[in-house]
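S.K.: Going line by line, the protein sequences match chains U and A.
Basically this note's numbering = 1-based index in the first sequence + 1014.
Basically this note's numbering = 1-based index in the second sequence + 1014.
For every residue, glycine included, the Cβ atom is placed at its ideal position computed from N, Cα and C.
There are 2 protein chains.
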Amino acid sequence: MGADRFDGLAIVGIRDLLLVTVSSDFHDQLAVRLKASLSDRVRTSGSRAVVLDISAVEVIDSYITRVLNDIGSCVRFMGAGCFVVGMRPAVAMTLVEMGIHLEGIRTALSLDEAVTALEAAR
Amino acid sequence: MGADRFDGLAIVGIRDLLLVTVSSDFHDQLAVRLKASLSDRVRTSGSRAVVLDISAVEVIDSYITRVLNDIGSCVRFMGAGCFVVGMRPAVAMTLVEMGIHLEGIRTALSLDEAVTALEAAR
């Protein structure tokens, strides 16, 4: 276990998971820093999956979505899975209206659900 | 078991796996020779899967990625699986930035993880 902290987000390693809790003010700069540090953490920790908890995020735009997609692809290339959990209805509706897909990112209602899905895939 | 060696890479047969360890100076010529010799080895050895360990590779370009995709398709056509393991964060980020997909190639964090996944699928 170990934690990195930036303003606005925390990366915590729990067993073979990297749990990223994103706060409400998730902005572009933060998304880019997250991308860089997450892939390093996946390698050093040997995590099997990254779970991004975005339940606090109230607004999302196309740029942040692109960064999320990039994180998903990057983590997948390295051999781990990527989950986004706790997306709010309003955020989900925005993504639908923008015609955005989260490619290669799995979604779950909650962290619990994501952990259950990962255990099933073991 | 048996091993082929080129400058810069080694192909080792372990049970029903072909393990390819690629060294840091993986260049275009090597990628092409690997493509040719791997498919022959899959046929003669009757391997169930090819695992490409690229953990030493620090730089990758679109041509080498295409050859990797070709190897994946080729091996899959022959009925075996193809894994890429140990991709570095910087390499993963490059692929994402180039908008490249590894089609039909599975990824794993390490050789261990790939073997576990293969055993689970048996």
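1) Cβ closer than 9 Å: which chain U residues qualify as neighbours of R1102(A)?
2) Report the option in L1116(A), L1109(A), F1091(A) and A1045(A) whose CA atom is closest to the CA atom of F987(A).
3) Would you identify the three-state DSSP class for I1085(A), choosing helix, strand or coil?
4) Contact defined as beta carbons within less than 8 Å: I believe L1032(U) pairs with R1055(U). What is the distance between those atoms, to the nearest angstrom?
5) Can you tell me whether A1094(U) is buried or exposed? The criterion is at least 16 other CB atoms within 10 Å of its CB, across all chains shown.
6) For A1045(A), which residues of its own chain have a beta-carbon under 7 Å away from its beta-carbon, when the five flanking residues on both sides are left out?
7) In chain order, what residues of the same chain lie with their CB nearer than 8 Å to the CB of L1125(U), ignoring the 5 residues before and after it?
8) Across which residues does DSSP place D1067(A) in a beta bridge pair?
9) Which same chain residues, not among the five before or five after C1088(A), have their C-beta less than 6 Å away from its C-beta?
10) Going by DSSP in three states, I1078(A) sits in which element: helix, strand or coil?
11) Quick one: Cα of L1123(U) to Cα of D1039(A), how far?
12) Since V1046(A) is in the alpha helix (DSSP H), which residue starts that stretch and which ends it?
13) Quick check on L1031(A) - is its C-beta less than 7 Å from some C-beta in chain U?
14) Between L1066(A) and chain U, is any beta-carbon pair separated by less than 7 Å?
15) What is the DSSP secondary structure of V1110(A), counted as helix, strand or coil?
16) Check for me: the alpha helix (DSSP H) holding L1125(A) runs from which residue to which?
M.R.: Quick look at the numbers:
1) S1053, R1057 and M1092
2) Shown here, chain A extends from 1015 to 1136; a query on residue 987(A) therefore has no answer.
3) helix
4) 6 Å
5) buried
6) I1078 and V1081
7) L1033, V1065, D1067, V1099 and G1100
8) T1035(A) and V1099(A)
9) S1053
10) Three-state result, I1078(A): helix.
11) 44 Å
12) For V1046(A), the enclosing alpha helix (DSSP H) begins and ends at D1042 to S1059.
13) no
14) no
15) helix
16) In the DSSP assignment, L1125(A) falls within the alpha helix (DSSP H) that extends over L1125 to A1135.
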